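Shown next, in structure tokens, is the structure this report addresses.
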Amino acid sequence: TLSEPLDIVNFPTSPRSRWPIECEIIGDIIQHIEWEPPEPEPFYQASGHEEEPMPVGEERGKVVYSNDPAIKHHYFTFSRFGGSTRPERISTSQIHTSDVTLEFESRFESGNLQKAIQVGIHDYELTLRTDMYTAKHTQWFYFRIRNTRAGVTYRFTITNLMKRRSLYSQGLKPLLYSERAAKENGVGWQRAGSGIRYYRNISQARDENSDSATLFSLTWTLQFPYDSDTCYLAHCYPYTYSRLQRYLQRISSNPTVMSFCKLRVLCQSLAGNAVYVMTITSRQANRLNTSSKKAVVVTARVHPGETNGSWVMEGFLDFLLGDSEDAQILRDNFVFKVVPMLNPDGVVVGNYRCSLAGRDLNRNYKTLLKDSFPCVWHTRDMVKRLMADTEVLLYCDFHGHNRKNNVFMYGCSSRGDASLTLKERVFPLMMSKNASNKFSFKSCKFRVEKNKEGTGRISMWKLGIRNSYTMEATFGGSTLDDRRGTHFSTQDLKSLGFNFCDTLLDFCDPDKTKARDHKIKSYFCHFVKKKVSAAHHSLFWVITYSHCSLLQKKVKKKKKRLKSRRERNGLQPDGARSSARPKVLQRSSTSIVRLVKSPCCSD
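In structure tokens form, the structure reads like this:
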């Protein structure tokens, strides 16, 4: 069984991260202000005339930045605070004040840029670093640029992307952060760029016999707002391990919050970075009352490049740790186990998908290799011990999605048990009502696929958690309602955490009166179904929410032959109906589905 959570973790004065010893790190502390654009930022509208520059490489260009780590082994060995002990190399070419060449840098937390080649006066060809100790997974980018010139149109082309499809083909714009804009105008990350095009590399398209992996390029043009500015470009809003540590440090210094929140270290990562777990619940005078509460498990950032998952997690925690009445109700009725960052090593080094084991942690929840995959092994073990103490009502892992817009969920359908039919769809459907301009129920899927059995979602479902989900937040934005065609901001992502809490309240409303009414309706439904079954007539399975008609579209139906009126009336002459036949189901505008004469609902 689970032991009582330990007292608060003692954080260092300033956040510290352990790096593989091969990594060279600059001493600069990188922080960005939060900012909400006054209006939602629109998608890029392609003209159809965007250029597709052909990669030329070092032979015809000038290398102005190179960050090739001196990796002695093809696997992780040791780590230390600050990374390599060697003197910091000069990774950029010498740039004079009169030179117009941009100065690149990515040797900081979550940074990812391996090489920059100047192929024109204002044109740069960029190469991203693959996930450490792998030759794959290039998608996440985050780097710094200095020596900018205002009013000049620069072109950037990333030439080694590996995904065939991308939201950059659907209007996604890169992110730009200007330090001068932040200091002088309070403006943070904003969407920027024109001439955006995602395409297969032309040289490879011509060489069909090439054995090399198919690579794709992303190109865009950009004008910087100020001369001699320090700017950053990123795939999504960065959320570093150090930022999480600062957030948890603020929580730990709040006595009110700490009265119902316990923070401890679940385990150490491969590099020795702490994986934190939070236990959030109201402290009952009677321990029996606490142990009778159901549990909810929420995790995020198993994929380090999916920073949007961390912003959703921060919104979730802001709500749950807040002083609202709804937050108090949630804490009074549930025990929350929260792991806000499952893969801190990957986040620190700027990986997109893997840990320092060179593997995707979200395919290794079934592992027995505790030392190789400590983060997911200890998370699964914690859930197993939690389930020995109480019922785990719901598990959800927050992710980011790079090919589809909107927010949606993946769940697990219980095909073997008719009493559970469609029930896994209820929470996502309710979420779509609470976030109707961001969450797409239509995009949700509930298949249990063989190649996904190592994921957190399916592993927790197989442990016995019926409501086990992955929630995917797009890197792009919304195609729904009043937000159609606009990007998500950090506040939009955080609001999804609020919506998640709202939906949990709706899903498990603790109102005793409603619970009593539900028992009465359930008993009556059981009585009616028993009577109908005795008469050897079928009864349609329905959901008690009127707006669940969407769910029925997900059920595969056999093609029906249209019957004649006489056949529908039981082959009785003159349209006379058999008195024993039940009436046709009708939907009312209320939340209960009724028979014409006898009300009924599903379990």
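Residue 1 is where the sequence shown starts when you use the UniProt record's numbering, and the numbers rise one by one after that. Glycine included, every Cβ here is placed at the ideal spot set by N, Cα and C. All figures in this text were calculated on a predicted structure; none of them were measured in a lab.
Spatial distance of residue i from residue j (CA atoms)
{"i": "residue 153", "j": "residue 160", "result": "23 Å"}
{"i": "residue 321", "j": "residue 340", "result": "14 Å"}
{"i": "residue 653", "j": "residue 360", "result": "Since the displayed the chain opens at 1 and closes at 603, residue 653 lies outside it and no answer follows."}
{"i": "residue 324", "j": "residue 501", "result": "12 Å"}
{"i": "residue 604", "j": "residue 101", "result": "A query on residue 604 cannot be resolved here, the shown segment of the chain reaching from 1 to 603 and no further."}
{"i": "residue 408", "j": "residue 440", "result": "5 Å"}
{"i": "residue 365", "j": "residue 265", "result": "19 Å"}
{"i": "residue 581", "j": "residue 451", "result": "With a pLDDT of 36 at residue 581, under the threshold of 50, the modelled position of that residue is not reliable, and the figure given next carries that caveat. Cα to Cα, residue 581 sits roughly 46 Å from residue 451."}
{"i": "residue 277", "j": "residue 29", "result": "26 Å"}
{"i": "residue 143", "j": "residue 129", "result": "12 Å"}
{"i": "residue 9", "j": "residue 274", "result": "10 Å"}
{"i": "residue 134", "j": "residue 371", "result": "19 Å"}
{"i": "residue 252", "j": "residue 314", "result": "15 Å"}
{"i": "residue 391", "j": "residue 331", "result": "16 Å"}
{"i": "residue 56", "j": "residue 258", "result": "57 Å"}
{"i": "residue 384", "j": "residue 456", "result": "13 Å"}
{"i": "residue 136", "j": "residue 326", "result": "44 Å"}
{"i": "residue 111", "j": "residue 292", "result": "45 Å"}
{"i": "residue 16", "j": "residue 83", "result": "11 Å"}
{"i": "residue 22", "j": "residue 304", "result": "19 Å"}
{"i": "residue 298", "j": "residue 66", "result": "39 Å"}
{"i": "residue 415", "j": "residue 199", "result": "40 Å"}
{"i": "residue 272", "j": "residue 79", "result": "8 Å"}
{"i": "residue 11", "j": "residue 248", "result": "9 Å"}
{"i": "residue 260", "j": "residue 386", "result": "18 Å"}
{"i": "residue 342", "j": "residue 375", "result": "6 Å"}
{"i": "residue 402", "j": "residue 234", "result": "14 Å"}
{"i": "residue 181", "j": "residue 225", "result": "8 Å"}
{"i": "residue 124", "j": "residue 27", "result": "26 Å"}
Host alpha helix (DSSP H) of residue i (start-end)
{"i": "residue 399", "result": "No alpha helix (DSSP H) contains residue 399, which is instead part of the beta strand (DSSP E) from 392–401."}
{"i": "residue 505", "result": "490–507"}
{"i": "residue 407", "result": "Here residue 407 belongs to no alpha helix (DSSP H); instead the beta strand (DSSP E) covers 407–410."}
{"i": "residue 241", "result": "241–252"}
{"i": "residue 256", "result": "255–258"}
{"i": "residue 386", "result": "374–389"}
{"i": "residue 132", "result": "Run containing residue 132: none; DSSP gives neither H nor E here."}
Buried or exposed by the 16-neighbour rule on C-beta atoms within 10 Å, applied to residue i
{"i": "residue 605", "result": "For the chain, the structure presents residues 1 to 603; residue 605 sits outside this window and is missing."}
{"i": "residue 14", "result": "exposed"}
{"i": "residue 312", "result": "buried"}
{"i": "residue 186", "result": "exposed"}
{"i": "residue 281", "result": "buried"}
{"i": "residue 77", "result": "exposed"}
{"i": "residue 542", "result": "Annotation note: pLDDT 40 at residue 542 (below 50); position unreliable, coordinate value reported separately. It counts as buried."}
{"i": "residue 612", "result": "In this structure the chain extends from 1 to 603, so residue 612 is not present and cannot be described."}
{"i": "residue 19", "result": "buried"}
{"i": "residue 75", "result": "exposed"}
{"i": "residue 400", "result": "buried"}
{"i": "residue 188", "result": "buried"}
{"i": "residue 127", "result": "buried"}
{"i": "residue 150", "result": "exposed"}
{"i": "residue 438", "result": "buried"}
{"i": "residue 228", "result": "exposed"}
{"i": "residue 591", "result": "Any reading at residue 591 needs caution, since the residue's pLDDT is 38, under 50, leaving its predicted position unreliable; the model's value is listed next. Answer is exposed; the Cβ neighbour count stays below 16."}
{"i": "residue 245", "result": "buried"}
{"i": "residue 81", "result": "exposed"}
{"i": "residue 658", "result": "Residue 658 falls outside the range modelled here, since the chain spans only 1 to 603, and no answer is possible."}
{"i": "residue 33", "result": "exposed"}
{"i": "residue 269", "result": "buried"}
{"i": "residue 47", "result": "exposed"}
{"i": "residue 202", "result": "exposed"}
Integer Cβ distance of residue i from residue j, believed to fall under 8 Å
{"i": "residue 44", "j": "residue 173", "result": "5 Å"}
{"i": "residue 64", "j": "residue 117", "result": "7 Å"}
{"i": "residue 352", "j": "residue 190", "result": "About 23 Å; that fails the 8 Å criterion."}
{"i": "residue 604", "j": "residue 427", "result": "Within the shown structure, residues of the chain are numbered from 1 to 603, placing residue 604 beyond reach of any answer."}
{"i": "residue 477", "j": "residue 486", "result": "5 Å"}
{"i": "residue 435", "j": "residue 308", "result": "In fact, because the Cβ distance is near 14 Å, the residues do not count as touching under 8 Å."}
Extent of the continuous beta strand (DSSP E) to which residue i belongs
{"i": "residue 471", "result": "467–474"}
{"i": "residue 160", "result": "153–161"}
{"i": "residue 35", "result": "Neither: residue 35 is in no beta strand (DSSP E) and is coded neither H nor E."}
{"i": "residue 354", "result": "Counting along the chain, residue 354 falls outside any beta strand (DSSP E), and DSSP gives it neither H nor E."}
{"i": "residue 234", "result": "231–234"}
{"i": "residue 117", "result": "115–118"}
{"i": "residue 123", "result": "123–127"}
{"i": "residue 262", "result": "261–268"}
{"i": "residue 150", "result": "Looking at the DSSP string, residue 150 is not in any beta strand (DSSP E), and its letter there is neither H nor E."}
Runs of alpha helix (DSSP H) lying entirely within the segment 286–349, each at least 4 residues, in chain order: 287–291, 308–320, 325–333, 344–349
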